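Peer 1: The following block contains the structure, expressed as structure tokens.
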Amino acid sequence: MLRIRAFETAAIRAADEKLVLGAIHPSVGQEAVAAGVCAPLRRDDLLLSTHRGHGHTLAKGADAAAMMRELFGRDGGNCGGKGGSMHIADFSVGMLGANGVVGANINIAAGAAHGVKLRGGDQVVVCIFGDGAMNRGPFLEGLNWAASFKLPVLFVCEDNGWAATTSTRAVTGGPGPAARAEALGIATAAVDGNDVLAVEEAAQALVESLRSGGGPRLLHARTYRLLGHTSVDKAAYRPAGQAEARWADDPIRRATDLLLGAGVAQNVLDADAAAATAEMTAAFEDAKAAPWPPVSAAYDDVQDIGAVAAPAGL
Amino acid sequence: MLRIRAFETAAIRAADEKLVLGAIHPSVGQEAVAAGVCAPLRRDDLLLSTHRGHGHTLAKGADAAAMMRELFGRDGGNCGGKGGSMHIADFSVGMLGANGVVGANINIAAGAAHGVKLRGGDQVVVCIFGDGAMNRGPFLEGLNWAASFKLPVLFVCEDNGWAATTSTRAVTGGPGPAARAEALGIATAAVDGNDVLAVEEAAQALVESLRSGGGPRLLHARTYRLLGHTSVDKAAYRPAGQAEARWADDPIRRATDLLLGAGVAQNVLDADAAAATAEMTAAFEDAKAAPWPPVSAAYDDVQDIGAVAAPAGL
Amino acid sequence: MARLSYREAGRLAIAEAMRADPTVWCLGEDLGRGGVFGQYAGLEAEFGPDRICSTPISESAIMGAAVGAAMAGTRPIVEMRFADFALCAVDELVNQAAKARYMFGGQSKVPLTVREPMGMWRSSAAQHSQSLEAWYTHIPGLVVIAPATPEDNYALLKAAIRNDDPVVFMEHKNLWDMEGDVADDATAEIGKARIACAGGDCTIVSWSAQVHVAMQAAAELADDGIDAEVIDLRSLWPWDEAAVAASVAKTGRLIVTHEAVGVGGFGGEVVATIAERHFASLRRPPLRLAAPRIPISYAPELENQVRVTARQIVAAVRRLN
Amino acid sequence: MARLSYREAGRLAIAEAMRADPTVWCLGEDLGRGGVFGQYAGLEAEFGPDRICSTPISESAIMGAAVGAAMAGTRPIVEMRFADFALCAVDELVNQAAKARYMFGGQSKVPLTVREPMGMWRSSAAQHSQSLEAWYTHIPGLVVIAPATPEDNYALLKAAIRNDDPVVFMEHKNLWDMEGDVADDATAEIGKARIACAGGDCTIVSWSAQVHVAMQAAAELADDGIDAEVIDLRSLWPWDEAAVAASVAKTGRLIVTHEAVGVGGFGGEVVATIAERHFASLRRPPLRLAAPRIPISYAPELENQVRVTARQIVAAVRRLN
Ligand SMILES: Cc1ncc(C[n+]2csc(CCOP(=O)(O)OP(=O)(O)O)c2C)c(N)n1
Ligand SMILES: Cc1ncc(C[n+]2csc(CCOP(=O)(O)OP(=O)(O)O)c2C)c(N)n1
Ligand SMILES: [Mg+2]
Ligand SMILES: [Mg+2]
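Protein chains in written order, with this note's numbering: chain X, 1 to 314; chain B, 1001 to 1314; chain G, 2001 to 2321; chain H, 3001 to 3321.
Set out below in structure tokens:
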């Protein structure tokens, strides 16, 4: 969680300084979902994420320096600078991509699990999406698919209450994602998404049941987006005081209190935080100093058959 | 119901004789849903239907002769011979179209109700779709839409157990359409779809609640497709004896028994059936004798601005 | 006459249309907060949340509901946020909206204005940058408009809303802040091109933001004494073949430049049409300058590989002249 | 060598690919019963329901799941039933499958074969008859194939399944029953055209079912002493510009004919490319013969209005020669 917070703090600074090029969607306040859900996963388990995917990607084990380079559009970024924040991915740790299209990761995740099952693997697939995504068709099609074929996929609804500038509740019929999943034949669990231990415990149990062939599950994790939709969004549309009040529930603060209560010394925690900050500051500096990708890379990895040639001289 | 049965009997004969040109999807055995659901509707209420829409269209009040002409692709068909069975529509009686795309009518229906509400009308919109359609994204998006905006639309899942050659249950997670609708915030009712009185009673109550601003409802009507998916499908994939057994539950037979039990004389019923057959036989003969549409009609009603001209001499 | 941004011009067109006709309404995500580019700012305050309708993230339902609402006698303005997201609603637009009038034998029209902000906008990468106008020109039943200036955004958006059939109205994301004069009650006829700059030496056809690149090229060429005629098509279906043909009859040279991928792009339609029907006018081979067939990258220099620059246009014209 | 129908040839290609590679599988509606056109008949019996996977009516999930399954190391063959229904899965194909390899910097390929039965087939009307191959050529990352013969259906489907990137494989519904000789282990290179009939007087380019109409025209022309060269492109991306250019260099005349709507169709790409790069070869204006920009009707004579007939091709060639 500290590393995620530090990464995004650095990324927001970089965005303010125009070093990050496209829009970024910080997950500040939601780190416990990423950390808790990914804790029980193996490296070869698979993860599909959203536009707000830095935390998930880090928690799955991606290298922070490569991620920062990606946000800066530099050589050595996970995607060679071709994807940026909204398409961050690290297949080497099973992170099969953020997605710029809300809800599109749901069907892809169901299919990844289908592929795992066909190949006889024992990996599980985790698909994290926001509360806004539950109003897109893929929620129904992908969950129904996973239920019909009893696939090892854990759907996680990271419910931060907002879909961009709209309160999700205002445009959402019925009680929410868990009820929808149950109606599609998927057993669910709900958890306080700002309590990292609770998230981890719930995820652990669900992943175990998945791994033993129990079929898909959905975890509804309630959390809160402490900042705006993007790093430039001041989120003035929120009811006065709402965000301020929710800072009291900051998952990092809660985890810190927990650890202090359990007798961990403040200076140990401070050292952890300092290490995270140092790591991400280094990633920032590394990315800033990194070279741009070779321009010819624009022509690479389009397709094997039918690729167009780069212009002469590139 | 008798008229629907007679219409489709004539249409199947016409398809066998290659007088009907494209595929037709008979609703034999499902007539009680059409008749019962449309009974409480006003002429200016709106209806959206499916590829299996003859019965719904007749029940909403469309002219059988014009419908038969449409199936024959003739001049004077409801759509001027341009649509055929899968696009049958009669806007003059509020029937806004069958649809060749499974589930596509759901969002359109929600929108029609949205339009009615914006214009301050008191019409209700009825949207009939099959059990197979509940696995397409529009089921979620359209029902959630209707719930969010509290629109006057009655969704009717005409559940005949089959989606083409696939048993719907085999590819459907969860308990079914009603549970899915409830999870989207829509109250539901279930009915024996082969009992025309029960369907009518249920529809009546739901339409009344809609008309008084109660928001959307879903009616789950269980029925059975007594014939194949299309008129040429022998449906050999069904478990042996299944269809035969279900003929005992033929809604027309059940209604007949009911009426006989209530003291209606057999010869009155026979006369009704004979009248229906005579009407549809006349529609058949009329359609067979009808002229083809003028070829220039192919160029009409494409669009006002940007229409291409018909070739000279057409 | 007012000086307005492209964004404001579009907003004014909508406000005026909504004042004049109570059946006009807008639907899309976050419209109550002004829309993702501020192009609806203030409209909810004037027209209320029923007519400036903030929707769930349900592109299929947004488009599909608009089809139904159009059949029920309203005139919806559909906001797709990014043209790329309209790919979540293609059945609704292409199989339903575009075909309903025809399939039903003229029983219903479907007056729909679908706003699809398109094009590259610094580092938005492959899923937020596409220009797919060519697709819509291929679909009978659709009108396709891609304005390049504030005045055209105003005048053509009003014309689109008035039109009784579905219109795909593609605003360019990079133009939102562009300012220009907008005449009061400016009108524009859908299907009529605008001669952005007259000239007798070479015809350059373009639309949307690329018109401004072509204009830069024309300015550079003028310094060399080459007079390029820049034609802004403004609408791609219908498109103004007569204006292009007349220009090529004069110049003998045709360059079409657009931001979209060249292969399968609308430039092919323009070039093919002129080659077929006005072959004798062509004193040189016609030419397309468009994006290579690669997705759009995030890193700026890679992203720039899909941009056609004024310099490239200048070089091409020099080669032809 | 065997005599097979176009349907059987496709089925054989799949069966052989599935025997050779356990990661190949098929997914789509009703596949267990052989698919809606019988093109999967018998495959479930041989390969079982896991690999011949009958799915819910969920086109988005069929396509989207295939993308995920491809990333997870399998080679899905996606059945869309009618090309028209693929419009319910455009985000999944265009925003996801086509772009994943690129966006993720080459971390993953997406080997996908998407079968989209296309084209007119007696009185299927506007939502079951479309030919939208041009759309897919416009999308970087996609390969587009449209075979005209049983042998090509066999050989190209095998090549498509072997290819590591997404392929849109468009079989024509009207060809399912067409029989032809299929050489054992016939191969075809994606991107190489087939000279269906050699001739020196006029080049006729086509693909899919329309090739057979062009061949009829060529036969009639031969009776008149006009030798048309009919080129079956077979794949539209990549397409064999060299073969067309070589032919036009010889004949000086180019006609492209296809079943799809002319406006925005792939014929425009072929004509524009030849006009741009091989202008000097053209001794007459090039010509497209394609469908007018109207939806497809149900009534036969109205439906026929969108058909380009052999007679029209013959007349056009005569005018050019
Ligand atoms: C299909 C689609 N529609 C709209 C958008 C624009 N968009 C990006 S993020 C977002 C809000 C998503 O809300 P939610 O799913 O709750 O995720 P959160 O941003 O809260 O993490 C929207 C509307 C998109 N990217 N894709
Ligand atoms: C989007 C889409 N996918 C597939 C089809 C092909 N298709 C036509 S009817 C049908 C079965 C529909 O089942 P159901 O919704 O239960 O309706 P029923 O035929 O039983 O009345 C299918 C798969 C289609 N028309 N549209
Ligand atoms: Mg959210
Ligand atoms: Mg059914």
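We treat Cβ as the ideally placed atom computed from N, Cα and C, and that holds for glycine.
The model shown is predicted, which means the values in this text are computed figures rather than measured ones.
#1: Checking 7 Å against the spacing of the C-beta atoms, do Ala-2214(G) and Ser-2208(G) come in under that value?
#2: Straight-line CA distance for Gly-2042(G) to Asp-2030(G)?
#3: What are the partner residues of Pro-3076(H), as DSSP defines its beta bridges?
#4: Applying the criterion that 16 or more other CB atoms from any shown protein chain within 10 Å of the CB defines a buried residue, is Leu-3157(H) buried or exposed?
#5: Nearest to Gln-1204(B) by alpha carbon, out of Asn-1105(B), Pro-1026(B), Val-1033(B)?
#6: How far does the alpha helix (DSSP H) with His-1056(B) in it reach, from first residue to last?
#7: Kindly indicate which residue of Thr-3113(H), Phe-3082(H), Val-3230(H) has the alpha-carbon position closest to the one of Val-3248(H).
#8: For chain B, check one thing: does any of its Cβ atoms lie closer than 7 Å to the Cβ of Ala-3097(H)?
#9: Run the CB neighbour count on Ser-2060(G), radius 10 Å, all protein chains shown included, and call it buried at 16 or more, exposed below.
#10: Check the DSSP bridge columns for Cys-2197(G) and list the partner residues they point to.
#11: Can you tell me the Cβ-Cβ gap for Ala-3290(H) and Gly-3267(H), rounded? I've got them flagged as a contact below 8 Å.
#12: By Cβ distance, which residues of its chain are closer than 8 Å to Arg-1246(B), with the 5 residues on each side in sequence left out?
#13: Is it the case that the CB of Asp-1233(B) approaches a heavy atom of ligand 4 more closely than 6 Å?
#14: Select from the stretch 115–142 of chain X all residues with a C-beta closer than 7 Å to any C-beta belonging to chain H, and list them in chain order.
#15: In terms of residue numbering, what span does the alpha helix (DSSP H) encompassing Ser-1321(B) cover?
#16: Name the two residues that bound the continuous beta strand (DSSP E) containing Val-2263(G).
#17: How should Ile-2057(G) be labelled, buried or exposed, when 16 other C-beta atoms within 10 angstroms of its C-beta is the threshold for buried?
#18: Closer than 7 Å by beta-carbon distance: list the chain X residues that pair up with His-2128(G), in chain order.
#19: List, in order along the chain, the chain B residues whose C-beta lies closer than 9 Å to that of Ile-2168(G)?
#20: Quick one: complete alpha helix (DSSP H) runs, 4+ long, within the stretch 1082–1134 of chain B?
#21: With distances taken between CB atoms, is the gap from Gly-3105(H) to Gly-80(X) smaller than 7 Å?
#22: Which residues in chain G have a C-beta closer than 8 Å to the C-beta of Leu-226(X)? List them in chain order.
#23: Ala-3391(H): beta carbon under 6 Å from a heavy atom of ligand 1?
#24: Output needed in chain order: residues of the stretch 2032–2044 of chain G with a Cβ under 8 Å from some Cβ in chain H.
#25: Please report the straight-line C-alpha distance between Glu-182(X) and Ile-106(X), rounded to a whole angstrom.
#26: Do Gly-3010(H) and Asn-3153(H) have their CB atoms nearer than 7 Å?
#27: Please state whether the Cβ-Cβ distance between Phe-2169(G) and Thr-2113(G) is less than 7 Å.
#28: Straight-line CA distance for Lys-3192(H) to Leu-3236(H)?
#29: So, for Asp-1045(B): in the same chain, excluding its five sequence neighbours on each side, which residues have a beta-carbon less than 6 Å away from its beta-carbon?
#30: At a CB-CB cut-off below 7 Å, which residues of chain G make contact with Val-295(X)?
#31: Below 9 Å on C-beta distance, what does Leu-219(X) contact in chain B?
#32: Please name the residues in the stretch 161–175 of chain X whose beta-carbon is closer than 9 Å to at least one beta-carbon of chain B, in chain order.
#33: Scan the stretch 3250–3313 of chain H and note each continuous beta strand (DSSP E) run of 3 residues or more that stays entirely inside, going in chain order.
#34: Ignore the nearest five residues each way along the sequence and tell me which others in Arg-3075(H)'s own chain have a CB closer than 7 Å to its CB.
#35: Taking the CB atoms as reference points, tell me whether Pro-3238(H) and Glu-3171(H) lie closer together than 7 Å.
#36: Please list the terminal residues of the continuous beta strand (DSSP E) segment that includes Glu-3179(H).
Peer 2: Let me spell this out:
#1: No.
#2: Cα-Cα distance, rounded: 12 Å.
#3: Bridge pairing for Pro-3076(H): Trp-3025(H) [DSSP].
#4: Buried, because 16 or more other Cβ atoms sit within 10 Å of the Cβ of Leu-3157(H).
#5: Residue Val-1033(B) is the option with its Cα nearest to Gln-1204(B).
#6: In the DSSP assignment, His-1056(B) falls within the alpha helix (DSSP H) that extends over 1054–1059.
#7: Measuring from the Cα of Val-3248(H), the nearest candidate turns out to be Val-3230(H).
#8: At a cut-off of 7 Å between beta carbons, Ala-3097(H) makes no contact with chain B.
#9: It is buried - the Cβ of Ser-2060(G) has at least 16 other Cβ atoms within 10 Å.
#10: Cys-2197(G) is bridged to Val-2230(G).
#11: About 5 Å separates the two Cβ atoms, so the contact holds.
#12: So the list reads Gly-1029, Tyr-1224, Leu-1226, once near-sequence residues are dropped.
#13: No, the Cβ of Asp-1233(B) stays beyond 6 Å of every heavy atom of ligand 4.
#14: Cβ contacts with chain H come from Gly-115, Val-116, Leu-118, Arg-119, Gly-137, Pro-138, Glu-141, Gly-142.
#15: This structure does not reach residue 1321(B), given that chain B is present from 1001 up to 1314, and the question cannot be answered.
#16: Counting along the chain, Val-2263(G) falls outside any beta strand (DSSP E), and DSSP gives it neither H nor E.
#17: Ile-2057(G) is buried by the Cβ-count criterion.
#18: Neighbourhood of His-2128(G) in chain X, by CB distance below 7 Å: Gly-100, in chain order.
#19: According to the sequence provided, residue 2168(G) is Val. The question's Ile does not apply to it. Per Cβ cutoff of 9 Å: no residues; Val-2168(G) is ~12 Å from chain B at best.
#20: You should have 1104–1118.
#21: Taking 7 Å as the cut-off, the Cβ atoms of Gly-3105(H) and Gly-80(X) count as close.
#22: In chain order: nothing, as chain G lies at least about 19 Å away.
#23: What is shown of chain H runs 3001 to 3321, which leaves residue 3391(H) out entirely.
#24: For the stretch 2032–2044 of chain G, which is checked against every Cβ of chain H, not one residue is closer than 8 Å.
#25: Approximately 16 Å between the Cα atoms of the pair.
#26: Yes.
#27: Yes.
#28: When rounded, the distance between both Cα atoms is 10 Å.
#29: Closer than 6 Å at Cβ, skipping near neighbours: Gly-1094, Gln-1123, Val-1124.
#30: In chain order: Glu-2301, Leu-2302, Gln-2305.
#31: Around Leu-219(X), no beta-carbon contact reaches into chain B at under 9 Å, the shortest distance being about 17 Å.
#32: Residues Ala-170, Val-171, Thr-172, Gly-173, Gly-174, Pro-175.
#33: Note on the stretch 3250–3313 of chain H: whole beta strand (DSSP E) runs with a minimum of 3 residues are 3254–3261, 3287–3291, in chain order.
#34: Apart from sequence neighbours up to five positions away, the residues of its chain that approach Arg-3075(H) with a beta-carbon distance below 7 Å are Asp-3021, Thr-3023, Val-3024, Pro-3111, Ile-3161, ordered along the chain.
#35: No; because the gap between Cβ atoms is not below 7 Å, this pair is not in contact.
#36: Its beta strand (DSSP E) spans residues 3179–3182.
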